[in-house]
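Going left to right, the sequence shown walks through residues 324 to 794 as the numbering used here numbers them. We put the CB at the ideal spot given by N, CA and C, even for glycine. Remember, predicted model here, so these are calculated numbers, not experimental data.
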Amino acid sequence: LFLHSNVAETGNFFCSNELINKIHSNIIWSQLSNLMSIPTDCPQRDERHGWMGDAQLITEESMLNFNMSRFYTKYLRDIKLCQKSDGSISDVVPPYWKLYPADPAWGTAYLTIAWYMYWYYNDIRILDQHYESMKMYVEFLSSIAEKNIITIGKFGDWCPPMCIVSKRTPIDLVSTWYYYHDTLLLSKIAKILGKEDNYEHYSKKALEIKGAFNKRFLKRTYEYIKVSFTDRALSQTSNVLPLYLYMVPEKKEKSIVNALVEIIIGHYDCHIDTGIVGTRYIFEVLTARGFPEIAYKMITQKSFPGYGYMIREGATTLWERWEKLESSGMNSQNHIMLGSVDTWFYNTLAGIKSLSPGWNVFRIKPFIAKDMTFAQASLKVIKGLIYSAWEKTESQFKLRVTIPVGCKSEVWIPYRNNKNIIYEGENIILKEEKLINSQLGIKLKTIEDNYAVFNLGSGDFQFIVKYHNES
Numbered sequence: 324l325f326l327h328s329n330v331a332e333t334g335n336f337f338c339s340n341e342l343i344n345k346i347h348s349n350i351i352w353s354q355l356s357n358l359m360s361i362p363t364d365c366p367q368r369d370e371r372h373g374w375m376g377d378a379q380l381i382t383e384e385s386m387l388n389f390n391m392s393r394f395y396t397k398y399l400r401d402i403k404l405c406q407k408s409d410g411s412i413s414d415v416v417p418p419y420w421k422l423y424p425a426d427p428a429w430g431t432a433y434l435t436i437a438w439y440m441y442w443y444y445n446d447i448r449i450l451d452q453h454y455e456s457m458k459m460y461v462e463f464l465s466s467i468a469e470k471n472i473i474t475i476g477k478f479g480d481w482c483p484p485m486c487i488v489s490k491r492t493p494i495d496l497v498s499t500w501y502y503y504h505d506t507l508l509l510s511k512i513a514k515i516l517g518k519e520d521n522y523e524h525y526s527k528k529a530l531e532i533k534g535a536f537n538k539r540f541l542k543r544t545y546e547y548i549k550v551s552f553t554d555r556a557l558s559q560t561s562n563v564l565p566l567y568l569y570m571v572p573e574k575k576e577k578s579i580v581n582a583l584v585e586i587i588i589g590h591y592d593c594h595i596d597t598g599i600v601g602t603r604y605i606f607e608v609l610t611a612r613g614f615p616e617i618a619y620k621m622i623t624q625k626s627f628p629g630y631g632y633m634i635r636e637g638a639t640t641l642w643e644r645w646e647k648l649e650s651s652g653m654n655s656q657n658h659i660m661l662g663s664v665d666t667w668f669y670n671t672l673a674g675i676k677s678l679s680p681g682w683n684v685f686r687i688k689p690f691i692a693k694d695m696t697f698a699q700a701s702l703k704v705i706k707g708l709i710y711s712a713w714e715k716t717e718s719q720f721k722l723r724v725t726i727p728v729g730c731k732s733e734v735w736i737p738y739r740n741n742k743n744i745i746y747e748g749e750n751i752i753l754k755e756e757k758l759i760n761s762q763l764g765i766k767l768k769t770i771e772d773n774y775a776v777f778n779l780g781s782g783d784f785q786f787i788v789k790y791h792n793e794s
């Protein structure tokens, strides 16, 4: 008998890569079995607590797959109830283990979950109800910071390959990054709620933290711990985190990206070397910087460490560790904390990503992996069903999209040759880089990065790109 909280399925994903499908399936099983009125870490040992680090890292994944609005409304209330008068909260909520104060990478769950409640469900009420308590938490972080750097932390980039506490990523880097993350998020929330004085205050504070972060941790690359005299590989996570929040000074951005790519390929042979924190952000960072194929290769590796290794070893849910462990220690084979990769499947392989609260405006920009022939995903959002399905053959590319009434979408269609012709149904809409049949209500926004970008209103569309045959 499979028991879990009654959350309705809202998302569906499927593609031509069977390994990706198995990873997605494992995530769904782990996610559901760790929803028991609170988001638990694991369902099988005598712990089964609401560890907030796990919860914050899979918030987006859970909202893409299930209707989490009521579940997280209740959990945010639990967090608020456990808050102490100094603003601190516990690593686990409810605080059956009174682990105060929370590691910043765990305590961030309060603001992170509230923010995604707003972003996915357009729930401003949640932001308003919890604003003062979230503000107290950020003020608590400020109280333990020294010159805008937080050195306190217990977990950091938890459980990278072959260790529990990262031997490569400094805990104070992770803690300070989340201090910046939460302060920046609070400033955005203050702006939304019309609290202009608070918005200005926390925006300024975030800039101060960013400056201190770069001064403290940025050298040639971002700080890492040298494991040994012979192993001086950079930390993937140390460089991913500031790239994710665009903290890197503009003149250093390119060199940091290049260093990250170089170390992933050259030292790690396109394998993951991140814990649960770095894993949440690394694939999105690589994709945003123009390297989705590297993210795809890392995710689909079948050798250790990686998701494919778990599958190869017979996993039907996600493991707690990248290693296959059978001792009495940290050996859970049903943990959801590495499930954040599922967000990348929806956002990148199917290409569906929200651009405004409540999905009023969203983007469909599928990444077409060379060894894949199709991918499809659907999402039930507030205003209806979003659908994206692409398939490719040697002669053409098809993309079917559904945009709910009241929504707008920016649709990116692969367009690598300006002699290719794009159809919507039987009508030519793009030929020789010129929009045809503008009366169809399809507007050409731009052509960039080998994509033709269209602005669309609600409706069902089927786009076909017919490849130009040079012969």
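Outcome for Leu404 when other beta-carbon atoms lying within 10 angstroms are tallied against a minimum of 16: Classification for Leu404: exposed.
Best match in Phe325, Gly476, Ile705 and Gly782 for proximity to Trp429 [C-alpha to C-alpha]: The alpha carbon of Trp429 has as its nearest neighbour, out of Phe325, Gly476, Ile705 and Gly782, the alpha carbon of Gly476.
For Phe627, the three-state DSSP class (helix, strand or coil): coil
Pair within 8 Å by beta-carbon distance, Leu564 and Tyr604: yes
Inter-residue Cα distance where the pair is Phe337 and Ile770: 28 Å
Rounded C-alpha distance that separates Tyr522 from Lys511: 7 Å
Lys470 and Ala378 closer than 8 Å at C-beta: no
Within 8 Å, strictly: CB atoms of Asn537 and Met570: yes
Residue of Leu566, Gly373, His524 and Asp592 minimising C-alpha distance to Ala556: Residue Asp592 is the option with its Cα nearest to Ala556.
Phe784, buried or exposed, once every other Cβ within 10 Å from all chains shown has been counted against 16: buried
8 Å Cβ shell around Glu341 - same chain, five flanking residues per side excluded: none
Reference Asn329, options Arg644, Arg393 and Pro366, closest by Cα: Arg393
heavy atom of the ligand FAD below 7 Å from Met695 C-beta: Ligands are entirely absent from the displayed structure, and the ligand FAD is therefore not among its contents.
Three-way DSSP call (helix, strand, coil) for Cys365 in this model: Here Cys365 sits in coil by DSSP.
Reference Asn445, options Leu678, Ala611 and Lys527, closest by Cα: Out of Leu678, Ala611 and Lys527, Leu678 has the C-alpha closest to the C-alpha of Asn445.
Which residues DSSP lists as bridging Val415, in chain order: Trp374
As assigned by DSSP and simplified to three states, the class of Gly476: Residue state, collapsed to three classes: coil.
Beta-carbon proximity list for Phe668, same chain, < 7 Å, skipping 5 on both sides: Within the same chain, Phe668 has close Cβ partners Phe336, Ile343 and His347.
Member of Leu722, Glu585 and Lys731 whose CA lies at the smallest distance from the CA of Lys706: Lys731
Burial state of Ser408, where buried means 16 or more other Cβ atoms lie within 10 Å: exposed
Sub-8 Å separation of Lys789 and Ile759 beta-carbons: No, Cβ-Cβ distance for Lys789 and Ile759 is not below 8 Å.
Exposure of Phe325, with buried meaning 16 or more beta-carbon neighbours within 10 Å: Exposed: under 16 other Cβ atoms inside 10 Å.
7 Å Cβ shell around Glu756 - same chain, five flanking residues per side excluded: Asn741 and Ile770
Contact under 8 Å by Cβ, Phe697 with Glu714: yes
Start-to-end residues for the alpha helix (DSSP H) that takes in Glu341: Glu341: member of the alpha helix (DSSP H) spanning Glu341 to Ser356, first to last residue.
The stretch 456 to 470 touching the stretch 410 to 420, judged by at least three CB pairs closer than 8 Å: yes
Reference Glu531, options Val550, Lys574 and Ser465, closest by Cα: Ser465
Spatial neighbours of Ser781 in its chain, beta-carbon cut-off 7 Å, leaving aside the 5 residues before and after: Ile726, Pro727, Val728, Gly729 and Cys730
Separation of Ile765 from Thr776, as counted between CA atoms: Per the sequence presented here, residue 776 reads as Val, with Thr not at that position. Going from the Cα of Val776 to the Cα of Ile765 covers about 10 Å.
Span separating the alpha-carbon of Lys542 from that of Asn562: 11 Å
Of the listed residues Asp665, Phe786, Asn773 and Val704, nearest to Gln719 (C-alpha basis): Phe786
Close Cβ partners of Tyr774 (< 8 Å) along its chain, the five nearest in sequence each way excluded: Lys688, Trp735, Ile736, Pro737 and Tyr738
C-alpha gap between Ile595 and Arg448, whole angstroms: 38 Å
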